Amino acid sequence: MLQKEEAVLVLIDIQGKLAQIVENSENVIHNIVKVVKGANVLELPILWLEQYPKGLGPTTPEIAAEINGQPIEKITFSAYDTEEFRVKLEATGRKKILLAGIEAHICVYQTAAHLLANGYEVEVLVDCVSSRTAENRQLGIGKMLQLGAKQTSVEMALFEMQQVAKGDAFKAISTIVK
C-alpha cells in the first residue's frame, strides 16, 4: 500500500517542445498537473528534473506553476545518476517513488531501473508517462514492470494515500481528480 508518509513524487523532463509532441501530450500534462496538486494536498515531497534545459527548454508552465522550489538540472538519462537528485531523495528518508514524466522508454525507464536496483519501490503513474510513440511508451512501461515496478494512476494513487473518504484533504483530492 502506498502511504503518504513514505512517498515521494518524482517528475522527469516534462519540458519544452518534447512535452508537446509526445503521444497524448495534452492528457499527460493535465494528469501531471493533477498529481502535483494532489501531492501538495497530501504534503508529499516533489523532486522534479529537467534534461539540459538550455537546449530543451523549461518545464511546461502549467506544471511548474504548481511546484515550489527549483528543478534539478541533469544531463544523464537516469535521474539517479545525478548527484543532486540522489542527495535530495535521500534527505526525504522515503523509499516509495511515484514516477511520472517523459520519455517512458528512456529517462523514466532508466530512472526506475536505477531506483529499483538501489532499494526503492517504484510506482509508475501510467497516465502520467509518455514517449513520442505509443510503442515506445508501452515498451518503457513493460520493462519497468519486468524489473519490479508497479503501475498506478493519478486517481488510484491519490485515493490510496488519502485512505479515508472524509476531511479537507479528501474534498480537495476529489475536486482535483474530477
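Take 12 as the starting number for the sequence shown in this note's numbering and just add one per residue. The beta-carbon is built from N, C-alpha and C at its ideal position, and this holds for glycine as well. Just so we're clear, the structure is a prediction, and the values are computed from it rather than from any experiment.
Quiz item: Terminal residues of the continuous alpha helix (DSSP H) containing Thr103?
Solution: 94–103
Quiz item: What residues are listed by DSSP as bridge partners for Gln26?
Solution: Thr70
Practice problem: Using DSSP bridges, identify the partner residues of Thr163. | Solution: Leu136
Practice problem: Look at the Cβ atom of Thr71, then the Cβ atom of Gln14, and state whether they are nearer than 8 angstroms. | Solution: no
Quiz item: Alpha carbon to alpha carbon, how far is Gly84 from Val98?
Solution: A small correction: the amino acid at residue 84 is Glu; Gly does not occupy that position in the sequence shown. Looking at the two C-alpha atoms, the distance is approximately 13 angstroms.
Quiz prompt | Cα-Cα separation between Ala160 and Lys48, rounded to whole angstroms | solution = 23 angstroms
Quiz prompt | Beta-carbon proximity list for Asn129, same chain, < 8 angstroms, skipping 5 on both sides | solution = Tyr91
Quiz prompt | Opening and closing residue of the alpha helix (DSSP H) in which Gly49 lies | solution = 36–52
Exercise. Please classify Asn42: is it buried, with 16 or more other beta-carbons within 10 angstroms of its beta-carbon, or exposed?
Key: buried
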